[in-house]
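Chains as they are written, first to last, in the numbering used here: chain U, 52 to 250; chain Y, 164 to 339. Note that beta-carbon positions come from the ideal geometry of N, C-alpha and C, so glycine has one too. From a predicted model like this one, the values you see are computed outputs, not experimental measurements. Beneath this line is the structure, given in structure tokens, with notes to follow.
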Amino acid sequence: MAVKSKTPYTLQRRKVVQRILEDRGDAAVVTGIGNAVHDVASANDDPKNMYLAGIMGGAAMVAFGVALAQPKRRILVITGDGELLAGIGSLATIGVEQPKNLSIIVIDNQAYGATGNQHTHTGRGVDLVGIAAASGFKKTALITTEAELEAELPRIHNQPGPYFAVVKVVSKTSPRINAPKDGTYVSRRFRAAVTGESA
Amino acid sequence: MVSKKSKSWHWSQDVHQLFKKIGIKQIAYVPDGGLARLIERVQADKSMRSVVLTTEEEGVAQMAGAWLGGQRGVLLTQSGGVGNCINMLSMMQECRIPLLSLVSMRGEWGEQYPWQVPMGQSTIPALEAAKVIVHHVDQAEKVPETVEAAAKLAFDANRAVAVVLSQRIAGSGGQG
Chain U
52 MAVKSKTPYT LQRRKVVQRI LEDRGDAAVV TGIGNAVHDV ASANDDPKNM YLAGIMGGAA
112 MVAFGVALAQ PKRRILVITG DGELLAGIGS LATIGVEQPK NLSIIVIDNQ AYGATGNQHT
172 HTGRGVDLVG IAAASGFKKT ALITTEAELE AELPRIHNQP GPYFAVVKVV SKTSPRINAP
232 KDGTYVSRRF RAAVTGESA
Chain Y
164 MVSKKSKSWH WSQDVHQLFK KIGIKQIAYV PDGGLARLIE RVQADKSMRS VVLTTEEEGV
224 AQMAGAWLGG QRGVLLTQSG GVGNCINMLS MMQECRIPLL SLVSMRGEWG EQYPWQVPMG
284 QSTIPALEAA KVIVHHVDQA EKVPETVEAA AKLAFDANRA VAVVLSQRIA GSGGQG
């Protein structure tokens, strides 16, 4: 069933992601499949962006592997609620491992936006913030307004983690961006930018 | 190091030393009886980070991230977990990212538990369908050299490689 009723949320996903990434510094970003790729690419096609346009449910653990390998750098996950739900066990693994430099940001439109806005579990009572907190994330936040986003930005980028936030956004798909799609290209560009080595 | 001719020799000690030599920094696993002695060794080694997973595909994603961040890792899994990994392995294929994996078999040599047989018999075809290169080994003495060859193929030639350890080496692997 597609989402028909309007949610009470007003934040626009693309503006939210652009605002978060304005303050990224030298952080590396791993996206989940779907609209998150386009949200991140529309902000800036930074070489330190790894666009995962497949492997649904894998974004948090790819970022976790990068976080262990790059302990001095902040690693941000920008993903959707559907993608995160597909790898929900990752929150338990990351909660146990406590990577200080990892922040997971879920852009939650309560729908599978890339496939026709069918409901996800987050619009039907599943509380991702609660799951992350119960899994041992050091700091969690539910963001529903611009003021809350502004207040949370320093923690997103600097709070010793693992950090987890859900940003509730309107369920409206933004235009697609011509982000690089080829995995060998994007992955080697990312690795070279993050490690300073060529593959 | 204990000689291979000694009764106390176990393949896991040579494989652990190999991991150190080639600079493995991340080990991700879901426990299995056939890999238990290797897991004990790597867990005790502070030069590498051991991560317990809730399900094996998390480890495939973590290994991709390790490489993206400039480190080498190894995924340890029982054959039953291979089926969980298939979609995630598309990252190795699409991005041509190295994967070194050790897979301990159930459902083949001398298996007594019928529920282990379906996935055990599907393990190698499933890996090959996901374009993972398989090195099957059924003698303990050959495990270290096989892992060394697989590591070169993985990290020097940027390929996904699984060393599949026969149940003949690992034993029954536990109950059920």
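So with Cβ pairs under 8 Å, would you call residue i a contact of chain Y?
i: U:GLU134; result: no
i: U:LEU119; result: yes
i: U:GLU248; result: yes
i: U:SER154; result: no
i: U:PHE188; result: no
i: U:SER222; result: no
i: U:PHE115; result: yes
i: U:THR144; result: yes
Over the uninterrupted alpha helix (DSSP H) stretch that includes residue i, give me the two end residues.
i: Y:SER267; result: Segment 262-267 is the beta strand (DSSP E) holding Y:SER267; no alpha helix (DSSP H) there.
i: U:PHE241; result: 234-246
i: U:GLY116; result: 110-120
i: Y:ASP177; result: 174-184
i: Y:ARG212; result: Counting along the chain, Y:ARG212 falls outside any alpha helix (DSSP H), though it belongs to the beta strand (DSSP E) covering 212-215.
i: Y:GLN256; result: 253-258
i: U:ALA230; result: First-last for U:ALA230: undefined, no H or E at that position.
Going straight from the alpha carbon of residue i to that of residue j, what length do you get?
i: Y:VAL324; j: U:ARG206; result: 39 Å
i: U:LYS189; j: U:ARG239; result: 32 Å
i: U:GLY234; j: U:TYR102; result: 8 Å
i: Y:LEU181; j: U:LYS232; result: 36 Å
i: Y:VAL297; j: Y:GLU291; result: 7 Å
i: Y:SER253; j: U:THR195; result: 35 Å
i: U:VAL88; j: U:THR82; result: 6 Å
i: U:VAL128; j: Y:ALA314; result: 29 Å
Taking Cβ positions only, does residue i come closer than 8 Å to chain U?
i: Y:GLN206; result: no
i: Y:THR218; result: yes
Within a Cβ cutoff of 8 Å, which residues of the same chain sit near residue i, ignoring the five residues on either side of it in sequence?
i: U:VAL245; result: ALA79, LYS99, VAL117, GLN121, ARG124
i: Y:VAL214; result: GLN189, ILE190, ALA191, TYR192, GLY222, GLN225
Got a sec? Which residues, its chain only, sit under 6 Å from residue i by beta carbon, not counting five neighbours each side?
i: Y:ALA293; result: ILE249, LEU252
i: U:LEU62; result: VAL220
i: U:ALA92; result: ILE228, ALA230
i: Y:LEU238; result: ALA191, GLY222, MET226, SER264
i: Y:ARG204; result: SER175, HIS179
Along the beta strand (DSSP E) that carries residue i, what are the first and last residues, could you check?
i: U:VAL177; result: Per DSSP, U:VAL177 belongs to no beta strand (DSSP E) and is neither H nor E.
i: U:VAL81; result: 79-82
Go through its chain and collect everything with a Cβ distance to residue i's Cβ below 7 Å, but skip five positions before and after it.
i: U:ALA94; result: VAL68, GLN69, LEU72
i: Y:GLN234; result: LYS188, GLN189
Would you call the region 152-170 of chain U and the region 241-248 of chain Y touching, i.e. three or more CB-CB distances under 8 Å?
no
Taking three-plus beta-carbon pairs below 8 Å as touching, is the region 217-236 of chain Y in contact with the region 100-117 of chain U?
yes
Using 8 Å as the cut-off, can you tell me whether the region 256-270 of chain Y makes contact with the region 324-333 of chain Y, which would need three or more C-beta pairs spanning the two stretches below that distance?
yes
contact_flag[the region 171-186 of chain Y, the region 303-321 of chain Y] where n(CB pairs < 8 Å) is 3 or more
yes
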